[in-house]
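K.L.:
Numbering (the numbering used here), first residue to last: 5 to 238. My questions all concern the structure below.
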Ligand SMILES: Nc1ncnc2c1ncn2[C@@H]1O[C@H](COP(=O)(O)OP(=O)(O)O)[C@@H](O)[C@H]1O
Ligand SMILES: [Mg+2]
């Protein structure tokens, strides 16, 4: 790993390994994974269930630490940081999107996004404008007074994406964001991701097992039992 390359990339992983448990029951979820995600690109992590996608995404998102190997975000070594530093970095620079949307059912779309900003420590004088901007960006401003139960799955995922981007993270991580959507709606979510990359310069890393979205990725990394299978840079 040469320093200039690491600095210019958004994420660089060098032989990242994650072993769960100890002794005979130990599971090697990731085995020496190395890759780079360039700024302003979308990378897909694909592979069967159990191949290590979520484990890798959690490590990139500073939610978990590797057992071995190193990881850099914008040239800073995440694996050398204290827990406090990692938490601060995650709050400021990373947005997270999950398969099941994770919205609060009793809050409107707007309140969900605004609440996320308050949790992230954004001063209340700024949360309204930032929440509305994010909802506008995902095309949900008109429906922002609706509760999740009054929205379709695709609309709920858009609100979840608005919540994830409202604090203007440099890196958006999405774990199977299209898995609970029909394929047409799933494609609109990926198109939205492309817009975020082109318009805001966001870098996105997402997991998927949906082959139909891979042509819209800049890079696909195939995981097979914690190893990298083949890399296609399109
Ligand atoms: N917290 C954990 N404790 C023990 N094993 C785990 C844990 N998380 C994941 N694993 C194991 O690691 C492997 C990879 O899991 P995961 O990253 O969730 O795969 P994927 O997201 O590709 O389905 C699986 O064998 C899984 O059972
Ligand atoms: Mg998973």
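The beta carbon of each residue, even a glycine, is placed where N, CA and C say it ideally should be.
1. Closest to residue 41 by CA distance: which of 216, 21, 24 and 16 is it?
2. Taking all protein chains shown into account, do 16 or more other C-beta atoms lie within 10 angstroms of the C-beta of residue 179, making it buried, or fewer, making it exposed?
3. Where does residue 33 land, buried or exposed, given buried means 16+ other C-beta within 10 angstroms?
4. Identify the continuous alpha helix (DSSP H) that holds residue 39 and give its terminal residues.
5. Cα separation between residue 169 and residue 208?
6. Say yes only if the C-beta of residue 33 is nearer than 8 Å to one or more non-hydrogen atoms of ligand 1, and no if none qualify.
7. Would you check if the distance between the CB atom of residue 101 and the CB atom of residue 176 is smaller than 9 Å?
8. To the nearest angstrom, how far is it from the Cα of residue 94 to the Cα of residue 150?
9. If I'm right that residue 63 touches residue 75 with Cβ under 8 Å, what's the distance once you round it to whole angstroms?
10. For residue 99, name the three-state secondary structure that DSSP assigns.
P.N.:
Let me spell this out:
1. 16
2. buried
3. buried
4. Careful: residue 39 lies outside any alpha helix (DSSP H), inside the beta strand (DSSP E) at 31 to 42.
5. 11 Å
6. yes
7. yes
8. 28 Å
9. 6 Å
10. strand
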